[in-house]
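Here's the structure we're looking at; comments come further down.
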Amino acid sequence: STWGPPGRRKACGSSPDRRRPRERLLGKQGPIPAMATQPIPVSKQTREVVCGIPTEVVCTSFGATILVVVTQYGKMGTLVSVEPEAVPDGINRTLWTTKVLLGKDEPLVHISAKHLVTSVSQEAGNKAVLLAMALKDKSIEGIRRLKELIHQCQVW
Numbered sequence: 001s002t003w004g005p006p007g008r009r010k011a012c013g014s015s016p017d018r019r020r021p022r023e024r025l026l027g028k029q030g031p032i033p034a035m036a037t038q039p040i041p042v043s044k045q046t047r048e049v050v051c052g053i054p055t056e057v058v059c060t061s062f063g064a065t066i067l068v069v070v071t072q073y074g075k076m077g078t079l080v081s082v083e084p085e086a087v088p089d090g091i092n093r094t095l096w097t098t099k100v101l102l103g104k105d106e107p108l109v110h111i112s113a114k115h116l117v118t119s120v121s122q123e124a125g126n127k128a129v130l131l132a133m134a135l136k137d138k139s140i141e142g143i144r145r146l147k148e149l150i151h152q153c154q155v156w
């Protein structure tokens with residue numbers, strides 16, 4: 001049974017592993033292949049009062065994508081994908097496509113997302129940005145200040 005004295009507990013539905021220690025580490029067919037080396041995510045965060053509201057910003061770089069969390073509620077809120085798209089017009093312009101993945105899909109969300117993180121994408125070599133935002137203050141001045149905070153947490 002799984003209940004009983006700590007020394008006698010067994011995991012539910014399992015039997016003790018009686019293989020030799022080396023065999024447990026390497027597996028029966030030899031060494032387990034190493035996982036592909038991925039860069040370790042780098043994160044920075046800051047807290048500040050913006051327009052009278054305590055605000056937290058966290059930026060994390062995950063290789064090809066940057067995660068930016070901006071919250072005045074202590075939760076992630078609306079999740080928006082902001083991705084660059086090259087325009088084939090000979091001028092090398094980039095447009096940003098926004099897509100609400102979770103939360104309210106309304107025009108102000110798209111406008112705020114583009115304003116907050118298009119410069120992040122540009123500075124990071126046109127990487128995709130995943131933005132999580134939960135904002136009490138959506139004023140122009142508030143958005144400008146949030147953009148400054150995001151750039152203080154630069155990980156790109």
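To convert, note that position 81 of the sequence shown is 81 in full-length UniProt numbering; the numbers rise steadily by one, no gaps. Beta carbons are placed, not taken as given, at the ideal position from N, Cα and C, and that holds for glycine.
Task: Rounded straight-line distance, which links the Cα of Met133 to that of Lys153 - done: A quick correction: the sequence has Cys, not Lys, at residue 153. Looking at the two C-alpha atoms, the distance is approximately 15 angstroms.
- [ ] Within 10 angstroms of the Cβ of Leu102, are there 16 or more other Cβ atoms? Answer buried if so, exposed if not.
- [x] exposed
Open item on the list: Suppose contacts are defined by Cβ-Cβ distances below 7 angstroms. Is Leu79 in contact with Val87 by that definition?
Closed with: no
Open item on the list: Is the separation between the beta-carbon of Lys68 and that of Val117 shorter than 7 angstroms?
Closed with: Inspection of the sequence shows that residue 68 is occupied by Val rather than by Lys. Closer than 7 angstroms, so yes.
Open item on the list: Using only the alpha-carbon positions, how far apart do Thr55 and Gly90 sit?
Closed with: 41 angstroms
- [ ] Measure from the alpha carbon of Glu123 to the alpha carbon of each residue in His151, Lys138, Leu135, then state which is nearest.
- [x] His151
Task: Any chain C beta carbon closer than 7 angstroms to Ile140 - done: Of the protein chains in the structure, only one exists, and it is not chain C.
Open item on the list: If you follow the beta strand (DSSP E) that Glu106 is in, where does it begin and where does it stop?
Closed with: Where Glu106 is concerned, there is no enclosing beta strand (DSSP E), given that its DSSP letter is neither H nor E.
- [ ] Whole angstroms is fine: what's the gap from Ile40's alpha carbon to Phe62's?
- [x] 8 angstroms
Task: Same chain, Cβ closer than 6 angstroms to Ala128, five either side skipped, listed in chain order - done: Thr65, Glu83
- [ ] Give a yes or no on whether the C-beta atoms belonging to residue 216 and Val57 are separated by under 7 angstroms.
- [x] With the chain covering only 1 through 156, there is no way to say anything about residue 216.
TODO: State buried or exposed for Gly4, treating a residue as buried only when at least 16 other CB atoms are found within 10 Å of its CB.
DONE: In this prediction, Gly4 has a pLDDT of 49, which is less than 50 and means its spatial position is unreliable; what the coordinates show is noted afterwards. The residue in question, Gly4, is exposed, as its Cβ has fewer than 16 Cβ neighbours within 10 Å.
Open item on the list: For Val109 and Gly52, I'd like the C-alpha separation in whole angstroms.
Closed with: 21 angstroms
Task: Status (buried if at least 16 other CB within 10 Å, exposed otherwise) for Ser139 - done: exposed
TODO: Less than 8 angstroms between the CB atoms is what I'm expecting for Ser81 and Lys99, so what's the real figure, rounded?
DONE: 5 angstroms
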